[in-house]
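> Per the numbering used here: the sequence shown = residues 32 to 220. For each residue, glycine too, the CB sits at the ideal point set by N, CA and C. All values reported here derive from a predicted model rather than from experimental measurement.
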Amino acid sequence: AKQLLRDAGLPVPPGRRASGVEEAVAIAEAVGFPVAVKALGLAHKSEHGAVRLNLHGATAVANAARGLLSLGTGLMVERMIEGGTAELIVGVTRDAVFGPVMTIGFGGVLVELLKDSATVLLPTTASEVDTALRGLKMFPLLDGYRGRPKADVDAAVRAILGVADFALAHAERLAELDINPLIVCEEGA
């Protein structure tokens, strides 16, 4: 799925699937540190202890891979996105009446707790996505709340529109799509 999104021009961090410790280390060295290593085949990976973040060397990756291999169906090794100011969730489902529907909200591990989302029908526009983002309760975090860096909202809108375009282009085969987290970096980053 990530390769399909990458091929569609979406900003997906470099990474690949690994089946063992040595392969995980080789991938990490190829994509550059820091990396994240995740066990595949599990929903809610963080609840299962199936994610290791900010790994900065071969030894850390090897130790993480050894600990995660028994939890799932393999490993995903990805370059970490640095400079994130917020995590969003972008999901697309097919409604029986309206067709493809996109949900945009604050994501990460707190998505169920925050319950801060908006729904837009597809196709959509940059203006509709921007309005949906600005209508979220947590939007001030993207807008530099209390001196925090401002997020690149325009880049987030472009990425979300890219997901919408991808969903429409694959609507006949797409059952659902969730990107969590979509990491939004500082303006200009």
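Please look up how many angstroms separate the CB atoms of V215 and L173, rounded, as I've assumed it's under 8 Å.
Confirmed, Cβ separation roughly 6 Å.
> According to DSSP, S148 sits in a beta bridge with which residue or residues?
Looking at the DSSP assignment, S148 forms a beta bridge with G136.
> How long is the line joining the alpha carbons of L99 and V184, rounded to whole angstroms?
So the alpha carbons of these two residues sit roughly 34 Å apart.
> Roughly how many whole angstroms lie between the Cα atoms of H87 and G115?
The straight-line gap from Cα to Cα measures roughly 18 Å.
> Determine, using beta carbons only, whether A67 and V52 come nearer to each other than 9 Å.
Going by C-beta atoms, A67 is not nearer than 9 Å to V52.
> If contacts are defined as beta-carbon pairs under 8 Å, then L164 and G138 qualify, I think. What distance do you get, rounded to the angstrom?
About 12 Å; that fails the 8 Å criterion.
> Could you check if E78 is buried or exposed, using at least 16 other CB atoms within 10 Å of its CB as the buried criterion?
Exposed.
> Within its chain, find whatever has a CB closer than 6 Å to the CB of A70; leave out the 5 residues flanking it on each side and keep chain order.
Closer than 6 Å at the Cβ level, and outside the excluded window around A70, lie A81, L99, L102 and G103.
> For R110, does the three-state DSSP call read helix, strand or coil?
Strand, per DSSP.
> Since D126 sits in a beta bridge, which residues does DSSP pair it with?
Beta-bridge pairing links D126 to G130.
> Taking DSSP as the reference, what is the three-state secondary structure of S86?
According to the sequence shown, residue 86 is Leu rather than Ser. Three-state result, L86: strand.
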